[in-house]
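Per my numbering, the very first residue in the sequence shown carries number 891; after that it's consecutive.
Note that CB positions come from ideal geometry on N, CA and C, so glycine has one too.
Remember, it's a predicted structure, so these values are computed and weren't measured experimentally.
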Amino acid sequence: MLSQEKIFKFFSFGLSEKSGPQLHIRILMTNIFSFLGICFLMIFAIIDLVNQVYWLSLILLGASSLILLNMIYMTRTLNVRFSIPFLLGLMAVLLLVILITGGTEGTGYLWGLTFPIIALILLGLRMGSVSSFIYLIILTVFLLGNFEFMTADYTTTFSIRYIFTYLGIYILIYTFEYLRIKNVKQLDKKLEEAAFETRSRDEFIAKLSHQLRTSLNNITLVSNLVSKSKLNEQQQDMINTILASTKDTTLL
């Protein structure tokens, strides 16, 4: 049975040692979305081929090929600044084509609701929001513009509901990502504070230990010198007790 670690290692293509944690996560998420996208595109391309919708099948096959090439390029170069926008741009164009045509069964518009989810996860809150709203503007123009090239027939009521559904999904995902990032930052801050306290404690203990050892060395040195002088039995016993005490303390 495959574990989560093996699955993540498979999609990261062994790049964890070549890239930092943040870059590794972005590559991992991009590869997962790309793999899922290729699977879905291939499935629907086959369905369109069976239904003799050859032009749409060709578009889906071409898009899946571009996504695969993008995965290979990103894995080899680690250039996520190009690969992620390219993936989202290709996805946006494909979703708009499906929206215009209605897809295989006339329900292709549903896939457009996934765009803000993927954009916010891959690009982050700021750039993901920009991309989501640009797509929303284009989406709104297509739905409410009554263009002749729109082969799918969407009513005004449906279009408005679709736009508000898109906004609702965007708000939910944005809120989730915001809270997740906030919690991660709080945990990182607590870890930094704990590490600082640990370093401070270690430095204090090291400094205190040095001061104690210095004092004990002085006591030992003086006691050794005194023990070599002429002392009576009681004085010698006291000096020996001091020396024994310093040795025991040194061992601690």
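Return the CA-CA distance between residue i and residue j, expressed in angstroms with no decimal places.
i: residue 933; j: residue 927; result: 10 angstroms
i: residue 959; j: residue 1024; result: 25 angstroms
i: residue 946; j: residue 938; result: 7 angstroms
i: residue 1143; j: residue 988; result: The requested residue 1143 does not occur in the structure, where the chain is confined to residues 891 to 1142.
i: residue 1084; j: residue 1066; result: 27 angstroms
i: residue 1141; j: residue 1104; result: Low local confidence applies: a pLDDT of 47 at residue 1141 is under 50, so the model's placement there is unreliable, with the coordinate-based value given in what follows. So the two alpha carbons sit approximately 14 angstroms from each other.
i: residue 891; j: residue 936; result: In this predicted model, residue 891 has a pLDDT of only 48, less than 50, meaning its place in the structure is not dependable; the value taken from the coordinates is given anyway. Roughly 30 angstroms between the two C-alpha positions.
i: residue 1131; j: residue 1087; result: 38 angstroms
i: residue 1112; j: residue 1097; result: 23 angstroms
i: residue 953; j: residue 1044; result: 25 angstroms
i: residue 1091; j: residue 999; result: 60 angstroms
i: residue 929; j: residue 1029; result: 25 angstroms
i: residue 1057; j: residue 1046; result: 17 angstroms
i: residue 982; j: residue 1089; result: 50 angstroms
i: residue 1036; j: residue 997; result: 19 angstroms
i: residue 1081; j: residue 1070; result: 17 angstroms
i: residue 1017; j: residue 1076; result: 22 angstroms
i: residue 1078; j: residue 1064; result: 21 angstroms
i: residue 1100; j: residue 1114; result: 21 angstroms
i: residue 1032; j: residue 919; result: 30 angstroms
i: residue 1124; j: residue 1093; result: 41 angstroms
i: residue 922; j: residue 943; result: 28 angstroms
i: residue 1127; j: residue 1102; result: 24 angstroms
i: residue 1095; j: residue 1134; result: 24 angstroms
Among residues of its own chain, excluding the 5 on either side of residue i, which ones have a beta-carbon nearer than 6 angstroms to its beta-carbon?
i: residue 1060; result: 1006, 1022
i: residue 963; result: none
For residue i, which residues from the same chain have a beta carbon less than 7 angstroms from its beta carbon, with the 5 sequence-adjacent residues on both sides left out?
i: residue 985; result: 1001, 1002, 1005
i: residue 1041; result: 990, 991, 992
i: residue 1039; result: 990
Quick one: measure Cβ to Cβ for residue i and residue j, integer angstroms, because I've assumed they're closer than 8 angstroms.
i: residue 950; j: residue 931; result: 5 angstroms
i: residue 970; j: residue 1051; result: Incorrect: roughly 35 angstroms between the Cβ atoms, too far for contact.
i: residue 1049; j: residue 1034; result: 6 angstroms
i: residue 978; j: residue 1008; result: 7 angstroms
i: residue 956; j: residue 980; result: 6 angstroms
i: residue 924; j: residue 961; result: 5 angstroms
For residue i, which residues from the same chain have a beta carbon less than 8 angstroms from its beta carbon, with the 5 sequence-adjacent residues on both sides left out?
i: residue 1055; result: 1003
i: residue 1068; result: 1015
i: residue 1053; result: 1026, 1029, 1030, 1033
Give a yes or no on contact between the stretch 971-985 and the stretch 1008-1016, applying the rule of three or more CB pairs nearer than 8 angstroms. yes
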